[in-house]
Amino acid sequence: MDRVSPLCPLVGLIASDAGTRYLSLACNRRLQSMLLTLSSMPTSPNPLLLDYDRIPFGEIEAAHVVPAVKDILEDGRAEIEALVSVESTPTYADTIGRLDDALERVKERTVPITHLLSVAETPELREAYGKVLPEITEFWTRVTLNEGLWSRIRALAETDEAAALSPMERRHLDTTLRDFRRAGADLSTTDKEKLSAIRLEISSLEQKFPENVIDATNAYSLLIEDGGRLEGVPDADREEASRKAAEKGQEGWLLTLDYPSFEPIIKHAHDRDLRRELYTAYVERCRDGEFDNRDIIARLLHLRRELAEVLGYADFADYRLVDHMAKTGEQAFGFVEDMTQKTRLYWERDLAELREHASVLGLSEIEPWDTAFLAESLRRDKFDIDDEVIRPYFPLDRVLDGMFEVVRRVFGLVVTEQTIPEVWNPDVHCYELSREEDGTLLGFFYADWHPRPDKRQGAWMNALRTGGPRDGGFEPHVGMIAGNLSPPKGDVPSLLTHREVQTIFHEFGHLLHHLTSTVPIAPMAGINVAWDFVEFPSQIMENWTWEEEAISLFSGHHESGEPLPKELYERLRRARTFLGGWMQMRQLSFGHLDLRLHRSHPDAVTQDLMSYIEGLFEEYTPGPAFARMHVTTSFTHLFAGGYAAAYYSYLWSEVLDADAFGRFRLEGIFNREVGDAYLASILTRGDSDEPEALFREFMGRDPDLQPLLERNLGRSLDDGSRDGSSAMASP
Ligand SMILES: [Zn+2]
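Going by this note's numbering, the letters in the sequence shown line up with residues 102 to 832, in that order.
Structure (structure tokens):
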């Protein structure tokens with residue numbers, strides 16, 4: 102399970118089909134005074150409409166949402182109408198430039214609301230957002246269906262100016278033309294109306310799906326009255342469960358389905374029935390009852406297919422992937438199949454090992470709720486290592502300080518903590534990121550690390566404002582990173598597993614991609630890159646968490662201050678490829694599920710949805726009992742926008758990061774020259790060039806699958822995976 106939860110769906114990039122490329126956030130103050138005049142000001146000013154330096158999180162209330170959004174959208178519409186009504190020959194500045202500014206402004210002004218929904222949700226806020234969501238969706242849909250706008254952009258493309266644009270501006274114009282076509286700009290009026298209706302319904306279902314997951318998660322708890330049932334569970338987790346029970350006025354231990362509560366049970370509890378009960382509850386969230394997501398999935402699959410067909414694509418995957426590195430569903434599927442074939446032998450090896458260990462423990466057959474437990478127990482036996490031995494060496498503050506030191510050494514970037522009052526929760530910390538050599542302030546960010554009932558699950562990064570080079574200097578970016586990491590327990594600080602340490606590095610990698618961007622065109626800046634490229638800068642950061650020299654910077658026992666002992670490090674490193682085939686197959690099973698759901702005809706899929714899905718898992722699991730225990734009905738990656746038809750992109754990006762990190766391994770993990778080259782070719786460049794070209798610029802060649810196979814699987818089996826042919830090389 103633990104590979105699923107730390108993945109980050111980058112909530113800032115809502116893949117509204119109307120314009121993924123337009124959903125980054127930028128700052129442009131040009132229109133702000135106009136916005137204030139348009140607002141019908143209530144007695145006290147609406148904080149969402151004020152001209153702020155720091156987003157006034159502490160002051161935003163649910164009641165502000167509806168009036169603010171109405172004003173923000175009205176302002177956006179007025180600006181677009183104004184630029185459409187210009188009668189002279191279109192110029193880049195008065196069409197594309199002005200459109201970018203108007204749209205970035207809408208995004209920048211609405212993102213505090215969606216951000217709050219993910220970190221400080223209240224029923225009132227949810228309801229208020231639900232009221233304006235249709236209008237927001239309609240706004241984005243209307244942009245690309247605006248005929249006046251479309252004809253001005255097409256006219257611009259025919260001008261002499263367009264022929265002489267800089268390569269970056271030309272690329273932006275071309276992708277804008279492509280995005281408009283892909284959004285339906287060339288369709289008949291009837292088809293445009295149809296498309297709008299489809300988008301509107303998709304958007305409301307994608308809003309409802311994760312709400313159901315949160316509600317189903319919160320609706321469940323299991324009170325354990327007999328402490329003996331928690332045998333094997335680490336003390337710290339038992340204490341947390343007992344604290345949770347006390348909080349509710351109950352006696353005993355309260356278990357919930359929040360990942361930090363759920364994980365220690367399935368990994369450590371000796372009580373098999375307890376594991377079964379909790380695991381089953383976890384998997385069965387949203388499978389029926391009040392928070393049933395099955396009909397939402399079925400409807401979404403139909404709507405997505407319909408949307409693709411209206412736009413002339415064979416299926417949703419082809420529609421979705423046209424602006425990805427993979428380009429087509431077939432190419433992505435080929436990649437997943439190729440990797441599956443290269444992984445299978447390792448997966449079989451791992452399964453055999455788990456089965457053998459099960460029989461040692463007296464289990465005749467393994468069940469889905471046994472694997473995490475067996476894996477943990479086997480890991481302890483083989484490598485004499487478990488999370489609880491490692492945790493004391495990774496207190497959160499130490500990890501953060503050490504990580505900041507890593508990026509100072511590698512990239513010459515300095516992080517300084519700031520105390521500001523405008524936060525959504527006292528738990529939130531704020532920082533500035535600057536360039537060491539000249540002190541240039543690149544960005545500001547928030548970090549929110551621990552679980553709360555009003556916060557969504559997982560870990561993620563969000564872009565709150567896109568800065569970059571502007572007339573008069575560098576405008577700092579604003580971003581945030583969040584997680585649900587092990588919280589402090591009593592007097593003991595937050596102590597992290599190594600996986601949690603990787604999660605922090607991962608999200609910080611996304612953040613650096615955003616905060617270091619020097620792309621002046623906001624919709625192409627930072628993380629606004631091809632979806633199967635976006636996890637590359639995040640995943641590459643995880644590599645430093647495995648390097649001894651780096652670990653000595655960010656580990657330190659919370660009592661003695663002693664860094665992770667060498668011998669423990671050796672054991673941790675040796676365990677790195679442990680069950681690598683098993684884990685990789687799990688990732689591939691999700692990629693496979695996702696592409697099959699979005700490439701097959703929805704009638705065939707949805708007739709008996711759950712059996713169809715079970716069937717898809719069969720070749721990826723040890724048997725039907727496992728195939729049945731899939732998490733599809735709570736799989737927000739696929740059904741709340743972000744990763745639909747693009748789940749494969751995690752592994753695709755992993756190929757890129759494993760390969761690229763090879764250059765650091767070779768030339769030095771703290772080598773500033775390599776760090777600078779990486780900054781110059783990848784990190785600062787956003788989508789200013791084709792991702793393939795950026796990769797080639799840094800590595801001097803196309804990506805190679807082999808480093809990832811070695812990193813994840815080891816090299817012990819002769820399975821032909823050394824055949825370096827890469828399903829990524831073309832088209
Ligand atoms: Zn990520």
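Note that CB positions come from ideal geometry on N, CA and C, so glycine has one too.
Problem - Whether Y779 touches G692 by CB criterion (8 Å) - result: no
Handout entry: Cβ-heavy atom distance, S595 to ligand 1, below 7 Å
Key = No, Cβ of S595 sits at least 7 Å from all heavy atoms of ligand 1.
Practice task
Consider the C-beta atom of E636 and the heavy atoms of ligand 1; say whether any pair is separated by less than 7 Å.
Solution key: Yes, since a heavy atom of ligand 1 falls inside the 7 Å radius drawn around the Cβ of E636.
Exercise for the section: Please look up how many angstroms separate the CB atoms of V507 and W647, rounded, as I've assumed it's under 8 Å. Expected result: The Cβ separation is near 12 Å, so there is no contact.
Exercise for the section: Use the C-beta contact count for V602: other C-beta atoms within 10 angstroms, 16 or more gives buried, fewer gives exposed. Expected result: Buried.
Problem - H659 versus A337: straight-line alpha-carbon distance, rounded - result: 14 Å
Problem - N-terminal and C-terminal residue of the beta strand (DSSP E) that W354 is part of - result: Where W354 is concerned, the enclosing beta strand (DSSP E) stretches over W354 to L356.
Practice task
Starting from the C-beta of G825, find all residues in its chain whose C-beta is less than 8 Å away, skip the five residues before and the five after it, and write them out in chain order.
Solution key: Note that G825 scores 42 on pLDDT, short of 50, meaning its location in the model is unreliable and no value can be drawn from it.
Problem - Per-residue burial, Q708 [other beta carbons within 10 Å of its own, 16 or more giving buried] - result: exposed
Practice task
With distances taken Cα to Cα, identify the nearest neighbour of E431 among Y414, Y447, L150 and E477.
Solution key: Y414
Problem - Check whether R421 and A759 have beta carbons under 8 Å apart - result: no
Problem - DSSP state of W645 mapped onto helix, strand, coil - result: helix
Practice task
Grab me the residues of L514's own chain with a C-beta within less than 8 Å of its C-beta, minus the 5 sequence neighbours each way, in chain order.
Solution key: V508, L534, S535, R536, E537, L543, L613 and T617
Practice task
Leaving aside the five residues before and after A286 along the sequence, list all residues of the same chain whose C-beta is less than 7 Å from its C-beta, in chain order.
Solution key: T245, L246 and W251
Problem - For D287, the three-state DSSP class (helix, strand or coil) - result: coil
Problem - Residues that Q640 bridges to, as DSSP identifies them - result: DSSP, once it has assigned bridges, lists no residue as partnering Q640.
Exercise for the section: Give the range of the beta strand (DSSP E) segment to which W878 is assigned. Expected result: Only positions 102 to 832 of the chain appear in this structure, which leaves residue 878 out of reach.
Practice task
Please list, in chain order, all residues of the same chain as E715 whose beta carbon is under 6 Å from its beta carbon, the five residues on each side excluded.
Solution key: Only A728 and R729 meet the Cβ criterion.
Exercise for the section: Go ahead and label K556 buried or exposed: buried means 16 or more other beta carbons lie within 10 angstroms of its beta carbon, across all protein chains shown. Expected result: buried
Handout entry: Three-state secondary structure assigned by DSSP to D549
Key = strand
Exercise for the section: Indicate whether S529 and I605 have their beta-carbon atoms separated by less than 8 Å. Expected result: One point to set straight first is that residue 529 is Val, not Ser, in the sequence displayed. In this structure, I605 does not lie closer than 8 Å to V529 by Cβ.
Problem - Under the three-state DSSP convention, the category E533 falls into - result: strand
Exercise for the section: With DSSP collapsed to three states, give me the class of P664. Expected result: coil
Handout entry: Buried versus exposed call for H738 [16 or more other C-beta atoms within 10 Å across all chains shown]
Key = So H738 counts as buried.
Practice task
Please check the pair F484 and A676, which I expect to be a contact at CB under 8 Å, by giving their CB distance rounded to whole angstroms.
Solution key: 4 Å
Practice task
Would you check whether ligand 1 has a heavy atom nearer than 7 Å to the C-beta of A322?
Solution key: Correcting the residue type first, residue 322 is Ser in the shown sequence and not Ala. Not under cutoff, so the answer is no.
Problem - Three-pair Cβ contact test at 8 Å for the region 388-404 versus the region 293-309 - result: yes
Handout entry: Integer Cβ distance of H425 from W241, believed to fall under 8 Å
Key = With 8 Å as the limit, H425 and W241 do not qualify as a contact, their Cβ atoms being about 20 Å apart.
Exercise for the section: Quick one: using the 10 Å Cβ neighbour count with 16 as the cut-off for buried, is K349 buried or exposed? Expected result: exposed
Problem - Residue ranges of each alpha helix (DSSP H) within the region 211-279, 4 or longer - result: Here the runs fully enclosed are 224-246, 248-258 and 261-264.
Exercise for the section: May I ask you to list the residues that DSSP assigns as paired with H578? Expected result: G544
Practice task
Could you check if S754 is buried or exposed, using at least 16 other CB atoms within 10 Å of its CB as the buried criterion?
Solution key: buried
Exercise for the section: Using DSSP bridges, identify the partner residues of P496. Expected result: L596
Handout entry: Nearest candidate by alpha-carbon position, reference W510, set L654, R566, I467 and D592
Key = What sits at residue 510 in the sequence shown is Arg, not Trp. The shortest C-alpha separation from R510 is found at L654.
Problem - Nearest candidate by alpha-carbon position, reference D327, set L218, L355, R253 and R400 - result: Cα-wise, what sits closest to D327 is L355.
Exercise for the section: Give the DSSP bridge partners of A583, in chain order. Expected result: DSSP lists D549 and W561 as partners of A583.
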